[in-house]
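S.K.: Quick one: this structure, given as structure tokens, is what I'll be asking you about.
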Amino acid sequence: MIQFNQVSKYFAGKAAVDNINLHIAAGEFTVLIGTSGSGKSTTLKMINRLIEHDEGTIQFAGEEIRSFNPQALRRRMGYAIQSIGLFPHWTVEKNITTVPGLLKWPQAQKQARVSELLALLNLEDNLRQRYPHQLSGGQQQRVGVARALAADPEVLLMDEPFGALDPVTRGALQQEMLRIHRLSGRTIVLVTHDIDEALALADNIVLMDNGRIVQQGRPVELLTRPANDFVRDFFGRSELGVRLLSLGNAGGAARRGEWLEAAPVAAEMSLREALSLFIARQTDKLPVIDAQGVPLGVLHFSDLLRQREGA
Ligand SMILES: Nc1ncnc2c1ncn2[C@@H]1O[C@H](COP(=O)(O)OP(=O)(O)OP(=O)(O)O)[C@@H](O)[C@H]1O
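Residue numbering for the sequence shown follows this note's numbering, starting at 4 and increasing by one per position.
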């Protein structure tokens with residue numbers, strides 16, 4: 004979908020992005036993570052040409068991005084940022100339909116799309132006539148995401164979109180992004196400096212340092228097969244076990260064919276959350292049900308240990 008070949012970007016003679024090769028596959032959730040100033044935002048902004056690359060090639064859908072008209076390119080790529088950037092004198096509805104407006108959608112279609120997006124992002128429909136300053140920070144960020152999704156873009160670019168939110172709202176928005184990703188199959192590229200956010204969301208993690216890509220791959224690969232000490236240190240040696248648990252879920256690890264009468268847990272519950280529950284309930288077995296409430300099996304405390312070793 005998006006291919007960087009030997010791409011560099013210089014500011015005042017210094018490389019902010021230094022000769023990177025990166026493939027972003029269609030439908031994947033790619034997370035760029037790294038130290039401050041490592042070039043994550045610059046990499047993201049080169050995709051929609053908010054920043055132009057100096058060297059190498061960036062291809063989108065098989066063509067060099069310079070061959071696209073920048074406005075046309077940006078309409079195909081939703082963009083959401085931490086500072087939100089909502090227009091203060093426009094209602095929520097008008098903010099969300101910025102791109103559909105440019106594309107001259109009929110009024111009825113724009114209104115229907117706003118209703119759909121408000122529902123998707125768990126926002127009440129009566130917020131549509133409010134102005135940004137009449138919303139909480141979390142609601143504003145949801146509107147920012149809704150706006151980025153409005154014209155059903157092929158790619159969604161997100162730069163710290165949940166920054167500056169409390170952990171509970173942040174977690175809820177992360178779950179919504181995962182749901183949107185599952186439902187829409189969109190290609191998403193997200194920048195964050197939050198390791199747990201990266202592990203929770205990514206199909207593919209790209210770890211950057213000093214303008215270069217240090218390692219890229221599935222979250223479990225970076226955790227269990229770090230390319231060097233930088234990667235190992237970045238993901239934190241001490242928390243490694245718990246972080247590995249956040250990658251697995253109760254449904255995947257439960258023993259089929261077993262059952263137990265106790266309050267069941269959902270198959271999607273992460274093993275990290277299951278660990279907390281084992282401790283809170285002082286038990287070593289939890290029954291697991293699927294999304295329809297059908298018994299799946301029993302998760303044993305010892306399965307968590309196996310999961311760590313297996314990974
Ligand atoms: N417009 C600019 N002019 C000059 N230097 C810039 C500009 N934008 C970025 N840089 C520099 O390029 C480097 C990479 O910046 P970038 O914003 O891509 O990093 P980042 O990894 O997103 O950082 P952070 O996590 O702190 O936001 C930094 O050294 C930064 O100071």
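Glycine residues also receive a C-beta, built at the ideal position from the N, C-alpha and C atoms.
Please read these numbers as outputs of a predicted model, since none were measured by experiment.
In whole angstroms, give me the CA-to-CA distance for residue 154 and residue 80.
M.R.: Locating residue 154 in the sequence shown gives position 151, where the first residue counts as 1. Locating residue 80 in the sequence shown gives position 77, where the first residue counts as 1. If you take the alpha carbons of residue 154 and residue 80, they lie about 9 Å apart.
S.K.: Count Cβ pairs between the segment 213–230 and the segment 255–274 that sit closer than 8 Å; are there 3 or more?
M.R.: As far as the Cβ criterion goes, the segment 213–230 does not touch the segment 255–274, which means the pair count is below three.
S.K.: Identify every residue that forms a DSSP beta bridge with residue 288.
M.R.: By one-based count along the sequence shown, residue 288 stands at place 285. Residue 288 is bridged to 303.
S.K.: Are residue 101 and residue 150 close, meaning C-beta to C-beta below 7 Å?
M.R.: Start at 1 with the first residue of the sequence shown, and residue 101 comes out as number 98. Start at 1 with the first residue of the sequence shown, and residue 150 comes out as number 147. The answer is yes: Cβ separation under 7 Å.
S.K.: According to DSSP, what are the bridge partners of residue 259?
M.R.: Within the sequence shown, the letter at position 256 stands for residue 259. Answer is 300.
S.K.: Is there at least one non-hydrogen atom of ligand 1 closer than 6 Å to the beta-carbon of residue 11?
M.R.: On the sequence shown, position 8 is the one that residue 11 refers to. Checking the Cβ of residue 11 against ligand 1 gives no.
S.K.: Just the C-alpha distance for residue 92 and residue 128, rounded to the nearest angstrom, thanks.
M.R.: On the sequence shown, position 89 is the one that residue 92 refers to. On the sequence shown, position 125 is the one that residue 128 refers to. The straight-line gap from Cα to Cα measures roughly 19 Å.
S.K.: With a threshold of 16 other CB atoms inside 10 Å of the CB of residue 112, please say whether the residue is buried or exposed.
M.R.: Numbered from its first residue, the sequence shown carries residue 112 at position 109. By the neighbour-count rule (16 or more Cβ atoms within 10 Å), residue 112 is not buried but exposed.
S.K.: Taking 6 Å as the line, does the beta carbon of residue 14 fall inside it for any heavy atom of ligand 1?
M.R.: Translated into the one-based positions of the sequence shown, residue 14 becomes position 11. Checking every heavy atom of ligand 1 against the Cβ of residue 14, one is found closer than 6 Å.
S.K.: Which full runs of the beta strand (DSSP E) of 3+ residues lie inside the segment 27–73, going along the chain?
M.R.: Counting only runs of 3 or more, we get 32–37, 58–63.
S.K.: Using a Cβ-based criterion (distance less than 6 Å to any ligand heavy atom), does residue 196 qualify as near ligand 1?
M.R.: The count along the sequence shown starts at 1 and reaches residue 196 at position 193. Within the cutoff, so yes.
S.K.: Could you pull the DSSP bridge partners for residue 17 from this structure?
M.R.: As a working note, residue 17 is residue 14 in the sequence shown. Partner(s): 14.
S.K.: Thinking residue 37 and residue 272 are a contact (beta carbons under 8 Å), I'd like their distance in whole angstroms, please.
M.R.: Locating residue 37 in the sequence shown gives position 34, counting from the first residue. Locating residue 272 in the sequence shown gives position 269, counting from the first residue. Not a contact, Cβ separation roughly 30 Å.
S.K.: Give the range of the beta strand (DSSP E) segment to which residue 83 is assigned.
M.R.: Residue mapping note: residue 83 aligns to position 80 of the sequence shown, counting from 1. Where residue 83 is concerned, the enclosing beta strand (DSSP E) stretches over 80–84.
S.K.: On the DSSP letters alone, give me the boundaries of the beta strand (DSSP E) that residue 132 sits inside.
M.R.: Here the question's residue 132 lines up with position 129 in the sequence shown. Looking at the DSSP string, residue 132 is not in any beta strand (DSSP E), and its letter there is neither H nor E.
S.K.: Look up residue 220 in the DSSP assignment and give the residues it is bridged to.
M.R.: Along the sequence shown, read from residue 1 onward, the residue named residue 220 stands at position 217. The partner list for residue 220 (beta bridge, DSSP) reads 208.
S.K.: Determine the closest residue to residue 172 out of 248, 270, 208, 145, with distance taken between C-alpha atoms.
M.R.: As a position in the sequence shown, residue 172 is number 169, starting the count at 1. Among 248, 270, 208, 145, the Cα nearest to that of residue 172 belongs to 145.
S.K.: Which runs of the beta strand (DSSP E) spanning at least 3 residues fall entirely within the segment 155–215, listed in chain order?
M.R.: 158–162, 190–194, 207–212
S.K.: Can you give me the start and stop residues for the alpha helix (DSSP H) that residue 248 sits inside?
M.R.: Indexing the sequence shown from 1 puts residue 248 at position 245. Unbroken alpha helix (DSSP H) run through residue 248: 243–248.
S.K.: For residue 297, is the classification buried or exposed, using 16 other Cβ atoms within 10 angstroms of its Cβ as the cut-off for buried?
M.R.: Looking up residue 297 in the sequence shown gives position 294. Exposed is the call here.
S.K.: Less than 6 Å separating the Cβ of residue 19 from some heavy atom of ligand 3?
M.R.: No copy of ligand 3 appears in this structure; the ligands present are ligand 1.
S.K.: Where does residue 23 fall in DSSP's three states?
M.R.: Position 20 of the sequence shown, counting from 1, holds the residue named residue 23. Looking at residue 23 - three-state DSSP - the assignment turns out to be strand.
S.K.: Give me the residue from 225, 237, 233, 266 with the minimum Cα distance to residue 250.
M.R.: What you label residue 250 is simply residue 247 of the sequence shown in a count that begins at 1. That would be 225, whose Cα lies nearest to the Cα of residue 250.
S.K.: Tell me which same chain residues have a C-beta within less than 7 Å of the C-beta of residue 204, skipping the five on either side of it?
M.R.: Within the sequence shown, residue 204 is the residue found at index 201, counting from 1. Within the same chain, residue 204 has close Cβ partners 32, 34, 177, 180, 181, 193.
S.K.: With DSSP as the reference, please indicate the residues paired to residue 273 in a beta bridge.
M.R.: Taking the first residue of the sequence shown as 1, we reach residue 273 at position 270. Answer by DSSP bridge pairing, in chain order: 252.
S.K.: Regarding residue 33 and ligand 1, is the C-beta to nearest heavy atom distance less than 6 Å?
M.R.: As a working mapping, residue 33 is identified with position 30 in the sequence shown. No, the beta carbon of residue 33 sits no closer than 6 Å to any heavy atom of ligand 1.
S.K.: Closer than 6 Å: is that where the CB of residue 101 sits relative to any heavy atom of ligand 1?
M.R.: For the purposes of this step, residue 101 is taken as the residue at position 98 of the sequence shown. Flag unset: Cβ of residue 101 not near ligand 1.
S.K.: In the DSSP assignment, find the alpha helix (DSSP H) that holds residue 98 and state where it starts and stops.
M.R.: On the sequence shown, residue 98 is found 95 positions in, with the first residue counted as 1. Residue 98 -> alpha helix (DSSP H) spans 95–99.
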